[in-house]
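K.L.:
I'd like to ask some things about the structure below.
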Amino acid sequence: MKVYKFGGASVKDAKGIRNVYSILKEDASSDKVIVISAIGKTTNMLERVVNDYINGQSPSLEEVKRYHFDIIKELFAENHSIFDEVNNLFVEIEWAIEDSPTSTYDYEYDQIVSVGELLSTKIVSAFLEQQNFVNTWVDARDIIRTDNTYRNARIDWELTSDLIRKFISPQCVYVTQGFIGCTSENFTTTLGREGSDFTAAILSYVLETEEVVIWKDVDGMLNADPRFFDDAQLLNQLSFSEAIELAYFGAKVIHPKTIQPLKEKNIPLRVKSFLNPANEGTIIFEDAEMLPFLPSFIIKENQILISISAKDLSFIVEEHLSHIFALFSKHGLGINVMQNSAVSFYVCIDNDIQKVPALMNELQSEYLVKYNDGLTLCTIRHYSEDDITKVTGNKSILLEQKSRHTVQFVFSS
Ligand code: ADP
Ligand code: ASP
Ligand code: MG
Numbered sequence: 000m001k002v003y004k005f006g007g008a009s010v011k012d013a014k015g016i017r018n019v020y021s022i023l024k025e026d027a028s029s030d031k032v033i034v035i036s037a038i039g040k041t042t043n044m045l046e047r048v049v050n051d052y053i054n055g056q057s058p059s060l061e062e063v064k065r066y067h068f069d070i071i072k073e074l075f076a077e078n079h080s081i082f083d084e085v086n087n088l089f090v091e092i093e094w095a096i097e098d099s100p101t102s103t104y105d106y107e108y109d110q111i112v113s114v115g116e117l118l119s120t121k122i123v124s125a126f127l128e129q130q131n132f133v134n135t136w137v138d139a140r141d142i143i144r145t146d147n148t149y150r151n152a153r154i155d156w157e158l159t160s161d162l163i164r165k166f167i168s169p170q171c172v173y174v175t176q177g178f179i180g181c182t183s184e185n186f187t188t189t190l191g192r193e194g195s196d197f198t199a200a201i202l203s204y205v206l207e208t209e210e211v212v213i214w215k216d217v218d219g220m221l222n223a224d225p226r227f228f229d230d231a232q233l234l235n236q237l238s239f240s241e242a243i244e245l246a247y248f249g250a251k252v253i254h255p256k257t258i259q260p261l262k263e264k265n266i267p268l269r270v271k272s273f274l275n276p277a278n279e280g281t282i283i284f285e286d287a288e289m290l291p292f293l294p295s296f297i298i299k300e301n302q303i304l305i306s307i308s309a310k311d312l313s314f315i316v317e318e319h320l321s322h323i324f325a326l327f328s329k330h331g332l333g334i335n336v337m338q339n340s341a342v343s344f345y346v347c348i349d350n351d352i353q354k355v356p357a358l359m360n361e362l363q364s365e366y367l368v369k370y371n372d373g374l375t376l377c378t379i380r381h382y383s384e385d386d387i388t389k390v391t392g393n394k395s396i397l398l399e400q401k402s403r404h405t406v407q408f409v410f411s412s
């Protein structure tokens with residue numbers, strides 16, 4: 000058995016969905032679980048709906064609706080049952096946003112944003128069926144059990160394993176949603192942005208599949224994001240450990256939680272292009288030698304660098320640090336780089352507008368806090384001095400950190 004994951008870009012329009020069918024049709028292996036993300040940038044659109052809803056600014060579903068209906072009009076005859084199914088999912092959101100919010104932002108977010116994946120999988124599953132590609136649509140909320148940390152739910156591995164084994168049997172083809180799960184009280188959760196890769200890894204881990212294939216709009220894992228580096232090159236193979244490092248530092252091509260479960264069961268991960276399916280792509284497996292051996296460049300934009308000092312400018316000691324870390328953890332903010340001097344502690348984090356203001360408020364009540372926003376963090380793995388010059392040029396660097404294999408810079412964008 001294999002797990003295939005198709006991201007938003009692969010199903011962004013009718014042509015993309017037809018292409019997914021042609022990839023599946025060409026594939027000799029019969030049994031697989033197909034994990035699909037929301038179509039194109041649907042998640043971003045639904046995030047805007049949630050934000051308007053929470054801010055009391057009459058949210059509109061029109062853009063998302065038009066997008067989905069335009070696609071299904073191209074793929075199906077007018078009387079196909081998919082029109083009702085898609086409509087019903089939109090009605091669910093309309094009901095959810097009819098009344099004022101009663102719960103937290105994170106809870107409301109998950110109830111609304113998760114519909115993106117329900118829509119895409121209903122559409123793809125129905126299209127495959129129409130092409131006589133027999134498949135079973137599975138509601139991921141029946142098989143992925145999580146806690147109630149909305150927007151970043153943690154997997155209950157024991158229950159999830161039992162449920163996956165109950166719902167998925169070998170020799171069949173399934174279509175299910177990435178990114179979403181469900182609490183034991185039946186509330187929908189999401190696993191964090193870009194979490195569909197992680198869903199694929201969870202399924203693969205439990206089912207002990209032969210491999211996982213993540214289909215992308217790039218040839219595989221490259222040594223840099225081609226949106227920032229036009230000379231980015233394909234990495235033909237690399238080890239799980241190297242892939243974990245790249246994903247951890249922010250290489251957007253794979254969700255950081257994806258690798259660990261696969262590494263544990265020694266299941267190879269392939270990253271392939273849905274545009275050139277005949278190409279081998281990148282294969283990631285235990286102890287793989289990195290081929291070709293290249294420096295990797297990782298860019299993270301929209302960073303904020305915060306400097307924290309005691310109000311009496313005394314030394315920053317362990318007591319302060321443990322309090323500061325507790326605040327970051329409380330606000331669910333991961334630290335990308337940190338550094339300290341005698342009287343200041345510097346932290347570079349993603350400037351999440353939902354979370355950072357609340358953290359700043361709390362920090363400011365106890366410490367002297369300064370910040371710079373609109374920054375970029377660049378990480379280079381396996382760097383040389385030339386690589387550093389290539390990235391930093393004559394930019395003014397606000398923070399720099401070097402270890403044997405990795406160097407990181409924070410600079411103004
Ligand atoms: P999906 O359709 O699965 O959501 P994403 O858009 O999240 O796909 O991921 C693919 C994109 O990741 C590519 O188009 C590319 O711009 C970006 N990317 C960032 N870093 C890398 C990298 N190291 N290798 C390949 N692609 C990368
Ligand atoms: N649709 C979700 C997102 O855009 C999950 C994913 O694509 O992996 O974040
Ligand atoms: Mg994505």
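Per numbering that gives the first Met the number 0, the sequence shown starts with residue 0, numbered consecutively. By construction, the Cβ of each residue, glycine as well, lies at the ideal position given by its N, Cα and C atoms.
1) Does the Cβ of Gly392 have 16 or more other Cβ atoms within 10 Å, making it buried, or fewer, making it exposed?
2) Just the Cα atoms here: how many angstroms apart are Trp94 and Met220?
3) Identify the continuous beta strand (DSSP E) that holds Leu312 and give its terminal residues.
4) Am I right that Pro276 and Arg380 are in contact with their C-beta atoms under 8 Å? What's the rounded C-beta distance?
5) Hey, Lys1 and Lys40: beta-carbon distance below 7 Å or not?
6) Residues bridged to Phe5 by DSSP?
7) Taking Tyr247 as part of the alpha helix (DSSP H), name the residues at either end of that continuous run.
8) Just how far apart, CA to CA, sit Ile92 and Trp214?
9) Could you pull the start and end residues of the beta strand (DSSP E) that Met337 belongs to?
10) Please report how far the alpha carbon of Ala341 lies from the alpha carbon of Tyr247, in whole angstroms.
11) Tell me, which residues are paired with Asp349 by DSSP?
12) Check whether the Cβ of Glu61 lies closer than 6 Å to any heavy atom of the ligand MG, and answer yes or no.
13) From Leu118 to Ser308, what distance separates their C-alpha atoms?
14) Would you kindly report the start and end of the unbroken alpha helix (DSSP H) that includes Glu399?
15) CB Gly44 to CB Val63, shorter than 7 Å?
16) Based on Cα-Cα distance, which residue from Asp141, Asn222, Glu288 lies nearest to Thr198?
17) May I have the straight-line CA-CA distance separating Ile297 from Leu245, to the nearest angstrom?
18) So Ile305 and Val368 are supposed to be a Cβ contact under 8 Å. How far apart are they, rounded?
19) From the DSSP output, in three-state form, read off Lys251 for me.
20) Excluding sequence positions up to five away, which residues of its chain have a Cβ less than 6 Å from the Cβ of Ala37?
21) Classify Pro260: buried if its beta carbon has 16 or more other beta carbons within 10 angstroms, exposed otherwise.
P.N.:
Result, derived from the coordinates:
1) Position 393 of the sequence shown holds residue 392. With fewer than 16 other Cβ atoms inside 10 Å of its own Cβ, Gly392 counts as exposed.
2) Within the sequence shown, the letter at position 95 stands for residue 94. Within the sequence shown, the letter at position 221 stands for residue 220. Trp94 and Met220: Cα-Cα distance of roughly 41 Å.
3) As a first step, residue 312 is located in the sequence shown; it is residue number 313 there, counting from the start. Here Leu312 belongs to no beta strand (DSSP E), and DSSP marks it neither H nor E.
4) Sequence index remark: in the sequence shown, residue 276 carries index 277 (1-based). Sequence index remark: in the sequence shown, residue 380 carries index 381 (1-based). In fact, because the Cβ distance is near 28 Å, the residues do not count as touching under 8 Å.
5) Along the sequence shown, one-based indexing puts residue 1 at 2. Along the sequence shown, one-based indexing puts residue 40 at 41. Contact flag unset, no.
6) The residue given as residue 5 occupies position 6 in the sequence shown. Paired residue(s): Ile35, Trp214.
7) Along the sequence shown, read from residue 1 onward, the residue named residue 247 stands at position 248. Unbroken alpha helix (DSSP H) run through Tyr247: 239-247.
8) By one-based count along the sequence shown, residue 92 stands at place 93. By one-based count along the sequence shown, residue 214 stands at place 215. Roughly 29 Å separates the two Cα atoms.
9) Indexing the sequence shown from 1 puts residue 337 at position 338. Where Met337 is concerned, the enclosing beta strand (DSSP E) stretches over 336-339.
10) In the sequence shown, the residue the question calls residue 341 occupies position 342. In the sequence shown, the residue the question calls residue 247 occupies position 248. Looking at the backbone, the Cα of Ala341 and that of Tyr247 are separated by about 28 Å.
11) To locate residue 349, count along the sequence shown from 1; it is residue 350. According to DSSP, Asp349 bridges with Gln302.
12) Within the sequence shown, numbered from 1, the residue matching residue 61 stands at position 62. Checking the Cβ of Glu61 against the ligand MG gives no.
13) Here residue 118 refers to the residue found at position 119 of the sequence shown. Here residue 308 refers to the residue found at position 309 of the sequence shown. Cα to Cα, Leu118 sits roughly 48 Å from Ser308.
14) Here the question's residue 399 lines up with position 400 in the sequence shown. Where Glu399 is concerned, there is no enclosing alpha helix (DSSP H), although the beta strand (DSSP E) it sits in stretches over 396-401.
15) As a position in the sequence shown, residue 44 is number 45, starting the count at 1. As a position in the sequence shown, residue 63 is number 64, starting the count at 1. With the sequence shown as reference, residue 44 is identified as Met, and Gly is not the correct amino acid for it. Yes; because the gap between Cβ atoms is below 7 Å, this pair is in contact.
16) As a working mapping, residue 198 is identified with position 199 in the sequence shown. Closest by alpha carbon: Asp141.
17) For the purposes of this step, residue 297 is taken as the residue at position 298 of the sequence shown. For the purposes of this step, residue 245 is taken as the residue at position 246 of the sequence shown. Those two C-alpha atoms are separated by around 8 Å.
18) Position 306 of the sequence shown holds residue 305. Position 369 of the sequence shown holds residue 368. Yes, Ile305 and Val368 are in contact; Cβ-Cβ is about 6 Å, under 8 Å.
19) Locating residue 251 in the sequence shown gives position 252, where the first residue counts as 1. Coil.
20) Taking the sequence shown and counting its residues from 1, one reaches residue 37 at position 38. When the five nearest sequence neighbours on each side are left out, the beta carbons in the same chain lying within less than 6 Å of the beta carbon of Ala37 are those of Gly7, Gly115, Glu116, Ser119, in order along the chain.
21) Taking the first residue of the sequence shown as 1, we reach residue 260 at position 261. Buried is the call here.
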